[in-house]
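Heads up: the structure comes next, in structure tokens.
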Ligand code: MCN
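Residue numbers (our numbering): 1 to 809.
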């Protein structure tokens, strides 16, 4: 393909519509629909003794009141375990409406459908549910104790347990000259898309067809799930994703209880029904992530090379496990990062607690894993009084060792094999960008002025573009308009631009003529979803393959019309022409007409095309043997395994000596996502990711009390960074193309978030001179650590003045 748009920083074509308020989100639809509201559990753990809905039944405008008993057939069974894994010992998923017991505050118990949301909410207040409260298990430590149980049949609250090992980690640590042990705490947090979840369902009894609009990341999978749960033919279920105001992982599960209840109600009541999540519901009844307690033992030599690493962590997966163990699997495999670990053992225990369920949130376990490995690298440097960058460099996998088999099973069940990357080159670029070599002098100068500044670093490798497949459909209309469809939905990632760039280049058409549809099951039969930074790899490759097919077909038909060998043709700006003979040409639009020679010409282009008389050889049928009418093609891409992006971040922070306020002075990123389709989009993704990472590192913390009540379930109490707290991000790209897909791309969507906590911990530690072991960290916690440090109750760092320059590997 000759590239004209691919790799260019083309401004996002979707933005004029979105930023001028012309986006259509779920709540903009279904203005005449009935609305649903849910009575949710006020208790973290309780037995339901009785549900009295009698006071709701005579409320004018209330149309239906459903409890678990009103669900039918499969609707009444537990929701599915979406990603099974051999490490799962006890998979407990929720009912769409609670049956007998509730396991966390916010669990839906009753659905009320009324003519509007206000009435439905008022009616919810009239429902009387009698509960017998039970003791709640809150937090990883309590769950690990195993004294109280979330689910009586799950001993020790252990949902899953896995050990993976390469070499002999414990033996290597035993024999190592230096050994360190770290206890770390990564606190629970949650993604906060501006738009919460939402669903609108409409049933056509004549066609027996259910149409569902959902603010989902997985329209194709949601379609499959609804057709199974409602026992409807898949062909009769359509799922359409309107504009989505952010997903960040939380809209991955399919179906959410509300999606199933609303769809079932629309079918049964033969009315359109809608539900949009409010902010409090999002806090107490969607999904959280991150919470882990971690322990690492590392043995290393005098030069800082890791000889053995033994990691154990305990993961809080909340009350239910619909998404399996993807998050701890990511933590356990991705903490290896860019490092060569000949002896590595990791053991995780995934624990039930009486809190909101845990499912992937941007980074999906990797921020926790990177926190472990990068804290370990800093601790080694501290112990040996070595430069922190040097310790990392000495442990790097080298570019000539690619592809590099880490020796672990990745979350997709396939081997963890790094396909490309040049970690030393990334580090060199980062250190130059942030001014690593000069920083000691800068820091000393600041100290002399009474200021505390610190420089932190963090490296990561990220498995992206997980399979199993994604599809693309490309069609050229007789007007020359090119329609592109891919099944995965868009939540703000700029797919309408990036996929148009790929197709425009492959077909040789103007980008203005390419129109992309995402997340609409009417347009493409099979799809999986947008997660794991997979769209560029999966759908990008699929639309590329589909465009190739269409191009081949166009060249064959044009060759016939122009009486030229297709190999001698090229397409430039939508015109197929004989190379070197500009007078011999035919517009793609006309080729589209010829591909579908109707008896009558309906438009100007088609009439003009009749000069070519259909296929020129009248002895042949109008449609060439072995082809179909229409200039269109479908491609499905299925990768052999995941492709691995990587990157390195560095940050300079200042901590206020009096107030312990933490300010980020600089934030630098080196990013390698293989071949870049659109650098402006990738940089936007990195900016957004860093913003979310900064939030996770310094502000955002989901806070439960001992009874399992979420005490900061509002934006008044759950702190997110404003634009004023998000640093300017300085970015440089390194492109090591992936050999695994036709475009050489690797994912980019989560990259900014992954190392942020590790980097900021490293920087704060450097500013303060004592270890940081728990994230997020806020000024009060830093102040408390200072107090403990001054009282001799918190250790000092030894690496105040590293003796070795970073490049003496
Ligand atoms: N891209 C590119 N070149 C590459 C790789 C990616 O130009 N080599 C472009 C892609 O074409 C796409 C964007 O960068 O436009 C992100 O691509 P990719 O890394 O494939 O990630 P996905 O599109 O699959 O998006 C998912 C990812 C995840 S997992 C989360 S969580 C997340 C994220 O993206 N949620 C987001 N970014 C988000 N951005 C917004 N605005 N909203 C969310 O909810």
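Glycine is no exception: its CB is placed at the ideal position from the N, C-alpha and C atoms.
Predicted model only: the values in this text are computed from it and were never measured.
- Query: So, helix, strand or coil for residue 275, using DSSP?
  - Reply: strand
- With a threshold of 7 Å, establish whether the CB of residue 685 neighbours any heavy atom of ligand 1. yes
- Excluding the five sequence neighbours on either side, which residues of its own chain have a C-beta within less than 8 Å of the C-beta of residue 638, listed in chain order? 467, 468, 469
- Message: I need the straight-line Cα distance from residue 54 to residue 126, nearest angstrom please.
- Response: 8 Å
- Message: Rounded to whole angstroms, what is the Cα-Cα separation between residue 99 and residue 109?
- Response: 8 Å
- Among 396, 85, 340, which one has its Cα closest to the Cα of residue 328? Taking only the C-alpha atoms, the option nearest residue 328 is 85.
- Query: Under the criterion of a Cβ to heavy atom distance below 7 Å, does residue 495 qualify as lining ligand 1?
  - Reply: Yes, Cβ of residue 495 sits closer than 7 Å to a heavy atom of ligand 1.
- Task: Alpha carbon to alpha carbon, how far is residue 791 from residue 751? Give it in angstroms, no decimals.
- Result: 39 Å
- Spatial distance of residue 418 from residue 241 (CA atoms): 34 Å
- Message: By the DSSP assignment, the beta strand (DSSP E) with residue 583 in it spans what residues?
- Response: 581-587
- Task: Pair every Cβ in the region 571-586 with every Cβ in the region 533-546, then say whether three or more of these pairs are closer than 8 Å.
- Result: no
- Item | With 16 other Cβ atoms within 10 Å as the buried cut-off, status of residue 281 | buried
- Task: Using alpha carbons as the reference points, say which of 129, 21, 4, 263 lies closest to residue 50.
- Result: 129
- Is there contact between the region 317-327 and the region 201-219, where contact requires at least three CB pairs shorter than 8 Å? The region 317-327, when compared against the region 201-219, does not touch it at the 8 Å Cβ threshold.
- Message: ligand 1 and residue 536: does any heavy atom of the ligand fall closer than 7 Å to the residue's C-beta?
- Response: yes
- Is residue 711 buried or exposed, if buried means 16 or more other CB atoms sit within 10 Å of its CB? Residue 711 is exposed by the Cβ-count criterion.
- Item | Where residue 389 falls, given that 16 or more other Cβ within 10 Å makes a residue buried | buried
- Message: Could you tell me which whole beta strand (DSSP E) segments of length 3 or greater appear in the region 206-282?
- Response: 209-214, 237-240, 273-276
- Message: Is residue 678 near ligand 1 - that is, is its Cβ less than 7 Å away from at least one heavy atom of it?
- Response: The answer is yes for residue 678.
- Item | Closest Cα partner of residue 677 within the set 218, 487, 499, 335 | 499
- Cα-Cα separation, residue 34 to residue 92: 32 Å
- Spatial distance of residue 512 from residue 686 (CA atoms): 26 Å
- Ordered list of alpha helix (DSSP H) runs contained in the region 96-125, each at least 4 residues: 117-125
- Run the CB neighbour count on residue 22, radius 10 Å, all protein chains shown included, and call it buried at 16 or more, exposed below. exposed
- Query: Between residue 681 and ligand 1, is the CB less than 7 Å from at least one heavy atom?
  - Reply: Within the cutoff, so yes.
- Query: Excluding five sequence neighbours on each side, which residues of the same chain lie with their C-beta closer than 7 Å to the C-beta of residue 683?
  - Reply: 731
- Query: Ends of the alpha helix (DSSP H) at residue 760?
  - Reply: 756-768
- Within the region 319-388, ranges of the alpha helix (DSSP H) (whole runs, at least 4 residues): 326-334, 366-384
- Query: Cβ atoms of residue 104 and residue 708: under 8 Å apart, would you say?
  - Reply: yes
- Leaving out five residues before and five after residue 721 in sequence, what residues of the same chain have Cβ atoms less than 8 Å from its Cβ? 691, 694, 695, 698, 699
- With 16 other Cβ atoms within 10 Å as the buried cut-off, status of residue 254: buried
- Query: Using the rule of at least 16 other Cβ atoms within 10 Å of the residue's Cβ for burial, across every protein chain shown, is residue 334 buried or exposed?
  - Reply: Buried.
- Task: Answer yes or no: the CB of residue 675 versus the heavy atoms of ligand 1, is any distance below 7 Å?
- Result: yes
- Task: Give the DSSP bridge partners of residue 202, in chain order.
- Result: 211
- Query: Do residue 849 and residue 471 have their C-beta atoms within less than 8 Å of each other?
  - Reply: Residue 849 lies beyond the range of the chain shown here (1 to 809); nothing can be said about it.
- Does DSSP put residue 41 in a helix, in a strand, or in coil? Coil.
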